Amino acid sequence: MIAYLAALVLFLIAILMFFIAPRNLIDNFLFLAGFIILFIAVLNDPTFNHHPVFQHVFYWLDQTVRLIAPLFTLIFGIGMISYALKVYSVERSKLQLAVGLLLASLLIAGTVLQYIATFLLGGFFHQEIVRIFQFAMTYFVLAFINYMVVTLRLTLLEDEGKQDFVLILGEQLSKHGKPSKVLENRLDMALDYIGRQQFQYQKVPKIIVSGTSTGTHSDVSEAKIMAKYLIEHGVPEDAILTECQAANTHENFIYAKKIIKANTKQIQTVKAVFVTSSYHLYRSQLYANMEGLYQMSGVGARADFPERLLNWVREFVAILFMHRKLHLAVSILMIGLGIINYVHF
55 MIAYLAALVL FLIAILMFFI APRNLIDNFL FLAGFIILFI AVLNDPTFNH
105 HPVFQHVFYW LDQTVRLIAP LFTLIFGIGM ISYALKVYSV ERSKLQLAVG
155 LLLASLLIAG TVLQYIATFL LGGFFHQEIV RIFQFAMTYF VLAFINYMVV
205 TLRLTLLEDE GKQDFVLILG EQLSKHGKPS KVLENRLDMA LDYIGRQQFQ
255 YQKVPKIIVS GTSTGTHSDV SEAKIMAKYL IEHGVPEDAI LTECQAANTH
305 ENFIYAKKII KANTKQIQTV KAVFVTSSYH LYRSQLYANM EGLYQMSGVG
355 ARADFPERLL NWVREFVAIL FMHRKLHLAV SILMIGLGII NYVHF
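Here the working numbering is used: the first residue of the sequence shown is 55, the next is one more, and so on.
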């Protein structure tokens, strides 16, 4: 009963937070924690056998976890190794690299054990041992589903109100020093949004283009190429503010915040949106919130399905890495709960 009440309390708090601040993104973690507690409570409920509908639901959920979850965690683990090495090449932090690689090893080891026990080993003992790791794998599958749901949610929360600033996040240039397809999609979405702003409010908001020099054309910044593209498509040059220092998404918001501060009297009352790719909305909103820009909402540019499919995984791995210590601790906790469930139940 206590577990059910705890899950209910988490759900109610999450719903309340969503209505108070729809873009806070903390409520989704509360929802996730509530689902995990509810899942464990139902599994250990002695009256569970009296509800055949629930039994069928959990049976198919168990089969899904056994076959699909390990594949997801394997992909996440491999992606985590790649991302950890990429971040280390920039930050040179051995501690952060070690945490990232440890989390990746845990994901890959759980996957290998799952498939070995499922297809090569038999018997009750082996299957029950595998269930210990399924607790952790279920957590990451739920977290990925949560990422997809929140991305959709942020897409639907697009703000059409009057804006003071529009921040366009940069993306690596093509080898010819021109906007890549991804960046061009962001710029076209920004042009469309700015056009709607001008039509509705008879004013073009200040436009911040943000991005440092990338690719083979290191002498040309993303921001300057973006500004040139916008001017060629009819945006007034005096409406564009160029920021050429940001080398990643977090820095986009750090430097954009400084520009907004320099061009307004009170940043708390500023209305602003950022434009990025649709699959990049979640992580961008996290960084905006980290910089205290809670009033900023995202506008997601369209992407082809193959591009979205690849970047869904890449973005989720990047989000995992943002909170790698937390996810490592939760993974160990979930394995611990699996051991307790195995020993006592």
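By construction, the Cβ of each residue, glycine as well, lies at the ideal position given by its N, Cα and C atoms. Just so we're clear, the structure is a prediction, and the values are computed from it rather than from any experiment.
Identify every residue that forms a DSSP beta bridge with Ala383.
For Ala383, which the question treats as bridged, DSSP gives no partner whatsoever.
Could you name the residues that DSSP lists as bridge partners for Thr330?
Gly354
Determine the direct distance from the alpha carbon of Leu245 to that of His287, and round the result to whole angstroms.
8 Å
Check whether the Cβ atoms of Val329 and Ile222 lie closer than 7 Å to each other.
yes
List, from N- to C-terminal side, the alpha helix (DSSP H) runs of 4 residues or more that fit wholly inside the stretch 209–290.
235–255 and 276–286
Could you give the residue range of the beta strand (DSSP E) that holds Ile294?
Ile294 to Glu297
Say whether the stretch 199–214 touches the stretch 162–171, bearing in mind that this needs 3 or more beta-carbon pairs closer than 8 Å, one atom from each stretch.
no
Alpha carbon to alpha carbon, what distance is there between Val63 and Ser234?
46 Å
Val195 versus Lys379, Ile393 and Leu374, residue with shortest Cα-Cα distance
Leu374
Does the Cβ-Cβ distance between Gln339 and Leu155 come in under 7 Å?
no
For Ser351, count neighbouring Cβ atoms within 10 angstroms of its own Cβ and tell me buried if that reaches 16, exposed if not.
buried
Is Ile91 buried or exposed, if buried means 16 or more other CB atoms sit within 10 Å of its CB?
buried
Counting Cβ pairs, one atom from each stretch, are 3 or more of them under 8 Å apart for the stretch 130–138 and the stretch 357–373?
yes
Going by the CB atoms, is the gap between Ser264 and Gly231 shorter than 7 Å?
no
Identify which residue in Lys312, Arg240, Ala57 and Leu79 has its Cα closest to the Cα of Ala357.
Arg240
When Val371, Tyr333 and Ala342 are compared against Glu361, the one with the closest alpha-carbon:
Tyr333
Run the CB neighbour count on Glu214, radius 10 Å, all protein chains shown included, and call it buried at 16 or more, exposed below.
exposed
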